[in-house]
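Encoded as C-alpha cells, the structure appears first; notes follow it.
Residue numbers (my numbering), protein chains in the order written: chain A, 46 to 441; chain B, 46 to 441.
What follows is the structure, given as C-alpha cells:
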C-alpha cells in the first residue's frame, strides 16, 4: 500500500468466522548501519556465527517480524487454515517516527479493527526469561533556542558586557534539574501515577539491578531522582535528557566568538498519567520564568508520544502468557521499558485494540548498534510461541 | 625570512648614527573573507566608493602597515635619508596566533632591539578622534571536556539514571559566573589592579557610552559585573566567554542520545596584574571542585597571553602624541581595548621595547567582517602622522 514515504505492507486471512482477530505489527525498516568499520561481517549480508544470525535488522525488527510470518506459514502448510483471523500490518518508517503509518490508518480505522494486537519489537529479560512489556514511557522532544544580540561578536571586544546566549542556554539547562537530580519544572510530577509497593517489589525481584544497569550503560555511578532504583528511574519515573547543543565555534583550536544564538535538543520521557501537551505547556512556562531579560527564547516541539500501559487482565495477555510458557518453556514475567513505541499507544488507545508487546531478542543483541544479532534458537522458539498464541486466542 | 609557516618580511635602514631606532610592526595576513555573498565588491579586488577603499585587509592590517611603508618612502624620496634608524617586521600569521614570529624572534632578540616600536593594527576613537591604546586585555583559551559513561546511550532506555555529560557541562558552565554576572572562580579577582577614580572618570569622558557599546553589539541590554560601565567591563575588568559547545546530536530533528562526552571552548580576557598561568590553575582547581563524582573532566589550555599596558611616560609615547596631533590635526586620547594583541606584549615586555599602538581605522570599518574598508583620507593622514613620528623621535 503506497504512502508518500515507504509503503505499508499488509496481508490478511479472515476465514475464521466467529473467531477473534489478531493484528500483527512489525516494521521492515532498520537503523543506519554506521559505523561500518565496526561490523565483523557486512551489515546487509546475513552471517551465522555461534548460533546467532548477524545483520542489521536481524532483531530490530525484520527477524522478529518474520517470526510471526513463519508461524502463519506453518499453520497454513499443516492445518491449511488459521485458528483465528489475522491481519498483518508491516510499516517501513518505524525508525523515523511512523508518520505515514498514522496517515495510512487515519482513514482506515474500521478496516483495521481487531480483538488483539501483538508486536515483537523488543527483547526478553534474559536468556530463558520471556517477558511481556507492561509499560513504555511516552516522549516529548523539543528544541530550545536562545537568541541574544543580533550578530556574532568578538569575545575580546565584548566579553563581559553582553549576556552570551550560549552561556545563557547552559544556565537555563542547569535549572531544569534540582541539585538532587530531580526535574525542577513546577507541576511536572503532579500527574505521575504512583506505583504500588507490591509492584515495586515485583520490579525489584524481576528487573535488572543497579549493577547490571550500570554495566549495560558502561557507567561507574548512577544518578537521578532520589528514592528510586535505576530500573525504576528509567521506567516508572519521568526523565529529561539533553540530546545535543549547537552553538558557537565547534572546530579545532580556539575562536573568540560570542555567538548570536545557541540551541539545545531536549527529550522528555513521560509516565502515566503525564500528558505530553500539558508537559509541553509547563516546560514552556518554566523556561519563560527562568529566562533572563537579556535574551529571547524560542521553544519548538518536535515530537510527542503518550506513555503505554498494558491491559494486564485482557484475555489477549492471558493468551500471550500461555503461549510464551509453551513456546519458550518458561512462564513470562512483566517488564517495563524506558523507551517509547508510539505505535503501541496508537493501536491500543486510538484503535482500541488491546496490545501485547513480547519480544524474542536478548538484551545483548545490539539493536541500533554494529553487529546486531538474533539468537537462532530464539527465532525458532519465537515461531513456536506465535503458533501457540494463535491457538490460545482461538480457545479464549 | 622563511619560517615553517608564512615568511616574516623584514627591512631596515640603520644609517642614522647616534639616533634612536624605531621598530615598525605589521601583518600581511588577513581573516578569511567569508561569507562571500555579503561583499558588495570582491574582497581581493580593491574598490573605492565614497572615499573608502574596500577589500579584505584594507584596514586589518595591510592598509595600516602600508601607511608606515609610504612614510619611509616619502622621507627617502625627498630627504634621501631617515631621521632615525628603522626596522620593519611584517609577519604573515597574526590572525592565527603569531607562533612562527615568536620562533623567529627567539634566536634573534639582540638583532631586533629598538628604542621604540609602533603598531597600527587598530582603530581611532572616531572620525577626527585619534587615540593611543593604553591597554589590551590578556587571554586564556581552554577546552573543557566532560566524559561520562563509556558509550553513547539511548535516552529512552537510560534517561533518568545516568548523569548526562552534556547536562553536566552546562551545570559546570552555569557555576562559572555568579547570579550578578561576575566570575565566580575563587581567587580570580585577587590580582585585578584597581583603576583610579581619575582614570575611570577619564574613560567615562573619552570612551564609548553604554548606548554606543550596545549599538555596536546589536544588543538591547547590557550584562555583567555590577558597578562598571560596559566600556569598563570590556577593558579594565576581566571576562569569561563560552565560545562554543560540542556535544550530542546537532542535525535536524531529534535523536534520543545521551552522549558519552561533551566539550566547551572557553575564553578568558585578563587585566593587569592577572597572570594567565595562575588563572589557569585557579580555573582548573575550581572546575575540579564543582565537578560531580558522576563524570570526569579534562581541561586543555589552548592559548595564553598577558595583558598589555602602555608605558605612558616614555618618550616614544610623547613622540606619538605629537605626531598624531600634527598628522591628524587633533590631540590624541588614550583608549583601552578589550581584545588581545600578543605581539604588543612580546615587543614591550619580552624584547623590552616601549610599544605604541596607534591606528587609523575607524570603529565602523568592519575589521574581520564583509566589506572591510579604510577611509582614504585617514590613510593619507596616517602617512603624515608616521612621517611626524619619525621626525619627533629624532628630536627627542
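Cβ coordinates follow ideal geometry from the N, Cα and C atoms, glycine included.
Fair warning: this is a prediction, and the values are worked out from it, not measured in the lab.
Reduced DSSP category for residue 310 of chain B - H, G, I as helix; E, B as strand; rest coil: Here residue 310 of chain B refers to the residue found at position 265 of the second chain. In the structure shown, residue 310 of chain B sits in a strand (DSSP, three-state: E or B).
Neighbour flag for residue 336 of chain B against chain A, beta carbons, 9 Å: To locate residue 336 of chain B, count along the second chain from 1; it is residue 291. No - not a single Cβ of chain A is within 9 Å of the one on residue 336 of chain B.
Check whether residue 347 of chain A and residue 190 of chain A have beta carbons under 9 Å apart: Counting from one through the first chain, the residue named residue 347 of chain A turns up at place 302. Counting from one through the first chain, the residue named residue 190 of chain A turns up at place 145. Going by C-beta atoms, residue 347 of chain A is not nearer than 9 Å to residue 190 of chain A.
Residues, ordered as in the chain, of the segment 281 to 305 of chain B that lie near chain A by beta-carbon distance below 9 Å: 282, 283, 284, 285, 286, 287, 288, 289, 290, 291, 292, 293, 294, 295, 296, 298, 299, 300, 301, 302, 303, 304, 305
Span separating the alpha-carbon of residue 434 of chain B from that of residue 112 of chain B: Working through the second chain from its first residue, we reach residue 434 of chain B at position 389. Working through the second chain from its first residue, we reach residue 112 of chain B at position 67. In a straight line, the C-alpha of residue 434 of chain B is about 12 Å away from that of residue 112 of chain B.
Touch test, the segment 368 to 380 of chain B against the segment 221 to 229 of chain B, Cβ-Cβ under 8 Å, three pairs minimum: no
Contact test: residue 381 of chain B Cβ vs the ligand FMN heavy atom, cutoff 8 Å: Judged by which ligands are present, the structure shown has none, so any question about the ligand FMN falls away.
Residues that residue 200 of chain A contacts on chain B, provided the C-beta gap is smaller than 8 Å: Taking the first residue of the first chain as position 1, residue 200 of chain A is located at position 155. Those within 8 Å of residue 200 of chain A in chain B are 284, 286, 288, 312, 314.
Distance CB(residue 280 of chain B)-CB(residue 248 of chain B) smaller than 9 Å: Residue mapping note: residue 280 of chain B aligns to position 235 of the second chain, counting from 1. Residue mapping note: residue 248 of chain B aligns to position 203 of the second chain, counting from 1. Yes.
Straight-line gap, residue 74 of chain B to residue 103 of chain B (C-alpha atoms, nearest Å): Counting from 1 along the second chain, the entry for residue 74 of chain B is found at position 29. Counting from 1 along the second chain, the entry for residue 103 of chain B is found at position 58. Using only the alpha carbons, I get a separation of about 11 Å.
Short Cβ contact (9 Å threshold) for residue 148 of chain B with residue 49 of chain B: Looking up residue 148 of chain B in the second chain gives position 103. Looking up residue 49 of chain B in the second chain gives position 4. Cβ atoms of residue 148 of chain B and residue 49 of chain B: closer than 9 Å.
Residue from B/262, B/92, B/218, B/322 with nearest C-alpha to residue 285 of chain B: Taking the second chain and counting its residues from 1, one reaches residue 285 of chain B at position 240. Answer by Cα proximity: B/218.
Complete runs of the alpha helix (DSSP H) confined to the segment 274 to 345 of chain A [at least 4 residues]: 275 to 278, 321 to 335
Chain-ordered chain A contacts of residue 348 of chain B [CB-CB under 7 Å]: Residue mapping note: residue 348 of chain B aligns to position 303 of the second chain, counting from 1. Neighbours of residue 348 of chain B on chain A, chain order: 299.
Contact with chain B by residue 404 of chain A, beta-carbon distance below 9 Å: Within the first chain, the letter at position 359 stands for residue 404 of chain A. Answer no: the Cβ-Cβ gap between residue 404 of chain A and chain B never drops below 9 Å.
Nearest to residue 381 of chain B (by Cα), restricted to the options A/114, A/128, A/202: Within the second chain, the letter at position 336 stands for residue 381 of chain B. Among A/114, A/128, A/202, the Cα nearest to that of residue 381 of chain B is on A/202.
As assigned by DSSP and simplified to three states, the class of residue 362 of chain A: On the first chain, residue 362 of chain A is found 317 positions in, with the first residue counted as 1. Reduced to three states, the DSSP call for residue 362 of chain A is helix.
Close Cβ partners of residue 166 of chain A (< 6 Å) along its chain, the five nearest in sequence each way excluded: The residue labelled residue 166 of chain A in the question sits at position 121 within the first chain. Taken in chain order, the residues that qualify are 106.
DSSP bridge partner residues for residue 131 of chain A (one or two, in chain order): Position 86 of the first chain holds residue 131 of chain A. Its beta-bridge partners are A/58, A/67.
Counted within 10 angstroms of its Cβ, other Cβ atoms place residue 60 of chain B as buried (16 or more) or exposed: Taking the first residue of the second chain as position 1, residue 60 of chain B is located at position 15. Exposed, because fewer than 16 other Cβ atoms sit within 10 Å of the Cβ of residue 60 of chain B.
Own chain residues within Cβ distance below 7 Å of residue 387 of chain B, not counting five before or after: Walking along the second chain from the start, residue 387 of chain B turns up at place 342. Correct list, in chain order: 143, 350.
Range covered by the alpha helix (DSSP H) that runs through residue 385 of chain B: Counted from its first residue, the second chain places residue 385 of chain B at position 340. Looking at the DSSP string, residue 385 of chain B is not in any alpha helix (DSSP H), and its letter there is neither H nor E.
CB-CB length for residue 442 of chain A against residue 423 of chain A, believed under 8 Å: This structure does not reach residue 442 of chain A, given that chain A is present from 46 up to 441, and the question cannot be answered.
Simplified DSSP assignment, three categories, for residue 380 of chain A: As a first step, residue 380 of chain A is located in the first chain; it is residue number 335 there, counting from the start. Strand, per DSSP.
Proximity winner among A/51, A/360, A/321, A/318, relative to residue 137 of chain A (alpha-carbon distances): The residue given as residue 137 of chain A occupies position 92 in the first chain. Minimum Cα distance to residue 137 of chain A is reached at A/51.
Where residue 266 of chain A meets chain B, residues with beta-carbon distance less than 8 Å: To locate residue 266 of chain A, count along the first chain from 1; it is residue 221. In chain order: 208, 338, 339.
Contact belief for residue 330 of chain B with residue 385 of chain B at Cβ below 8 Å, rounded distance in angstroms: The sequence position of residue 330 of chain B within the second chain is 285, counting from 1. The sequence position of residue 385 of chain B within the second chain is 340, counting from 1. In fact, because the Cβ distance is near 24 Å, the residues do not count as touching under 8 Å.
Beta strand (DSSP E) segment containing residue 401 of chain A, residue limits: Working through the first chain from its first residue, we reach residue 401 of chain A at position 356. First-last of the beta strand (DSSP E) with residue 401 of chain A: 400 to 402.
When B/436, B/438, B/415, B/271 are compared against residue 82 of chain B, the one with the closest alpha-carbon: Here residue 82 of chain B refers to the residue found at position 37 when the second chain is read from its first residue. Of the candidates B/436, B/438, B/415, B/271, the one whose C-alpha sits nearest the C-alpha of residue 82 of chain B is B/415.
Span separating the alpha-carbon of residue 425 of chain B from that of residue 193 of chain B: Here residue 425 of chain B refers to the residue found at position 380 of the second chain. Here residue 193 of chain B refers to the residue found at position 148 of the second chain. Whole-angstrom Cα-Cα distance: 59 Å.
Residue 175 of chain B, buried or exposed, once every other Cβ within 10 Å from all chains shown has been counted against 16: The residue labelled residue 175 of chain B in the question sits at position 130 within the second chain. Residue 175 of chain B comes out buried.
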